[in-house]
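So the structure is just underneath, and the comments pick up after that.
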Amino acid sequence: MKKIMVVFGTRPEAIKMAPVIKELYKRDGVNTIVCVTGQHREMLNQVLEIFDIKPDYNLEIMKESQTLGYITSTILMKLDEIIKIEKPDIVVVHGDTTTTFAASLSAFYNKVEIAHIEAGLRTYNKYSPYPEEVNRQMVGIISDYNFAPTKLAYENLIKEGKNIKNIYITGNTAIDVLKYTIKPDFDNEYIKWLDNSKLILLTAHRRENIGVPLERIFEAVKEIVDRYQDVKVIYPVHKNPILIETAKKVFENMERIKLIEPLDVVTFHNLISKSHIILTDSGGIQEEAPALNIPVVVLRDSTERQEGVEAGTLLMAGTDKEKIVEKVCSLMERKDEYERVAKSINPYGDGTASSQIVDILLERNV
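Heads up: the sequence shown begins at 1 in the UniProt record's numbering, then just goes up one per residue.
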């Protein structure tokens, strides 16, 4: 019986790993071990509860003001002991978090095969996003299975010299998750608050945007709300004191901008589905929103999801106030532009990525 250890530590990882774990649980001939690092805590636990995933191990590393060095070194030490006890055949990681990098390095030190889901995303700028770009490149060097979500990600891995026999285009598991979370009759206090207004859903939390770039983003949002009386904004604010303080300062007395706690994945996905436009510096939402035909304005200078830009589902604005306002106004005022972006073909797959990944993990050896 093959033993597969799945390791993750943040809310976005948990969301995208959940359908893979659920698929593993269905299969015969596999012993699935789930290990969470606790790089995030409350937000991670929300996802585990929603998908009814009970970790076999929880490293519980999270502490106040944790540094990247602390996260990496602590996971390396704690996970090393677990890998030596469990002796998995494969360690499965996702994406580009510090948990992903540290778990992969721990598996490598123990000569355990590494499966990397969402492999091949690149900006080739080591500080954008930081530290994610370097994390995913380093995982790519030592991984044995590379599950690329798109052809572009596949081509990045080929250019970097990866063995073509170990690269698979599967689509992104983010699309699989929507089958579990989207509910046509979904309703809650935020939906009621919208009334008949058009929702702009804002997510902004990237390390590289904190400070002046974030203030420019918020000023752009203020101008948009002032310009369009039929618009309301919901901003789930990441639990970072600097983000919270900045948002409260800039959005003070703005009745049509609602600052809320981070949302569980079901509520968040259903808010995406009811949005008119998404403004984001996040990663996963760049894949999820196009699957629901919602235009996305990306608040970053570069994106590792370039295929979304090429497909027309993503509009790049960076953190320049004028560019953000310009992109949103074009979508608000030009029906043809809105329809073009909303109805562009989503390049991130058909919702079968998880079953493809599990088939490959169980059917072949590297």
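Positions of the beta carbon are idealized from the N, C-alpha and C atoms, including for glycine.
Query                                                                                                                : Result
Distance, I169 Cα to K151 Cα                                                                                         : 7 Å
Minimum length 4: unbroken alpha helix (DSSP H) runs contained in the stretch 63–140                                 : 68–86, 98–109
Within 8 Å, strictly: CB atoms of F147 and E189                                                                      : no
Residue range of the unbroken beta strand (DSSP E) whose run includes D236                                           : The sequence given here places Pro at residue 236; Asp does not occur at that position. Where P236 is concerned, the enclosing beta strand (DSSP E) stretches over 231–236.
Reference K63; option with closest CA among F51, E42, V92                                                            : E42
Identified DSSP bridge partners for L199                                                                             : K232
Neighbourhood of A14 by C-beta distance below 7 Å, restricted to the same chain and skipping five residues each side : F8, L44, V47, L48
I33 at chain C interface by Cβ criterion, 8 Å                                                                        : The structure shown contains no chain C; it is built from a single protein chain.
S73 and A115 closer than 8 Å at C-beta                                                                               : no
Of the listed residues E245, I277, V237, N135, nearest to K258 (C-alpha basis)                                       : V237
Pairwise C-alpha distance: K323 and S330                                                                             : 11 Å
Distance cut-off 7 Å: N293 Cβ against heavy atoms of the ligand GDP                                                  : For the ligand GDP, the structure offers nothing, since it holds no ligand at all.
Under 8 Å between C-beta atoms of S128 and D320                                                                      : no
Complete beta strand (DSSP E) runs within the stretch 306–361 (minimum length 3 residues, chain order)               : 314–316
Inter-stretch contact at 8 Å, needing at least 3 Cβ pairs: the stretch 266–284 / the stretch 181–199                 : yes
Distance, T10 Cα to E255 Cα                                                                                          : 32 Å
M332 burial status per 10 Å Cβ neighbour count (16 or more: buried)                                                  : buried
Pair within 8 Å by beta-carbon distance, S104 and I83                                                                : no
Beta-carbon proximity list for Y338, same chain, < 6 Å, skipping 5 on both sides                                     : L331
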